[in-house]
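Quick note: the sequence shown uses the working numbering, first residue 19, plus one each step.
Cβ coordinates follow ideal geometry from the N, Cα and C atoms, glycine included.
Just so you know, these numbers come straight off a predicted model, no measurement behind them.
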Amino acid sequence: MKAASAFLLTFCFATSANSATIVSVGDGDTVRVSEGSRRITIRLACIDSPETSQRPWGARSKTLLKQLTPVGSEVTLQVQTTDRFGRTVAELLNSQGNVNQQMVGAGQAFAYRKYLRECDAQKYLQLEEEAKRQGIGVWSVGPAGITRPWDYRRERRSSSTSTNKPRKYRCKEIGSWSRAQQLLSQGHSYLDGDGDGEACESLK
């Protein structure tokens, strides 16, 4: 029974760790790999690196990941799940150890607290704290570090939503009754205050 249990544990571990070859590096937490005949996108688990547009931090993070996982190099994938974009979420292992942890330890990525459950959370947080103490990478600007990537993305989405909101008009700004009817036909229904199908009757 013990021998069977040991075999089962060994088998489960073996099937959870897959060998792959690096094809390309997208940014500081995304790579493309070939796994047999398949090419798949890997989102590095439990970390969040600066966005590319967070200059110069995004480029620096990508540069380090390219150094840790050069094109053509072999890595081991410790797969966790698939995210909503269809990417495989995994920890990567190179000849020096856990790549995800190396990124955090070098100050080129943050421990992604929201998604640490499947990783060694304590290790990631310790590495982040050490990088912060040393003032390296994203912590070189001070103890607070740079804007977190998740906050940066949320701010950009909020800004985009605000920018894309259609302009609201007031009748006195429009200038003519005919223009008001044109705006009404374009969806500015608030200009028809009494709901009779005619906008800004005061302009007639």
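Nearest residue (CA-CA) to residue i, options the options
| i | options | result |
| --- | --- | --- |
| G90 | D66, N116, V49 and C218 | V49 |
| Q98 | E136, G123 and K80 | E136 |
| R57 | R78, K80, V41 and F128 | V41 |
| G54 | L95, A124 and G76 | L95 |
| V107 | L62, G76, Q140 and I154 | L62 |
| N36 | K222, N112 and Q85 | N112 |
| T81 | Q140, R105, D45 and D101 | D45 |
| L86 | K222, G163 and M121 | M121 |
| K186 | Y133, S158, D210 and D101 | D210 |
| E219 | K132, S207, A198 and Q204 | A198 |
| V117 | K132, I192, L83 and G153 | L83 |
| I192 | K222, S176 and R175 | K222 |
Expected contact under 8 Å - CB spacing of residue i and residue j to nearest Å
| i | j | result |
| --- | --- | --- |
| V93 | V51 | 7 Å |
| L110 | I60 | 7 Å |
| V156 | P74 | The pair is not a contact, with the Cβ atoms about 11 Å apart (cut-off 8 Å). |
| Y142 | Q114 | About 16 Å separates the two Cβ atoms, so there is no contact after all. |
| A127 | D214 | About 59 Å separates the two Cβ atoms, so there is no contact after all. |
Buried or exposed (CB count within 10 angstroms, at least 16 for buried), residue i
| i | result |
| --- | --- |
| F103 | exposed |
| A38 | buried |
| Y130 | buried |
| G125 | buried |
| R78 | buried |
| A217 | buried |
| G76 | buried |
| Q72 | buried |
| V159 | exposed |
| A21 | At A21, the pLDDT of 46 sits below 50, so the modelled position is not reliable and the matter cannot be decided from this model. |
Proximity test, residue i beta-carbon vs the ligand SAH heavy atom, cut-off 7 Å
| i | result |
| --- | --- |
| M121 | Ligands in the displayed structure: none, and consequently the ligand SAH is not present. |
Cβ pair count under 8 Å reaching 3, the region 143–151 against the region 167–177: no
Whole beta strand (DSSP E) elements within the region 39–76, 3-residue minimum: 48–53 and 56–62
Segments assigned alpha helix (DSSP H), at least 4 residues, entirely inside the region 124–209: 139–152, 167–181, 189–192 and 195–203
Entirely enclosed beta strand (DSSP E) segments - the region 72–102, minimum 3 residues: 92–100
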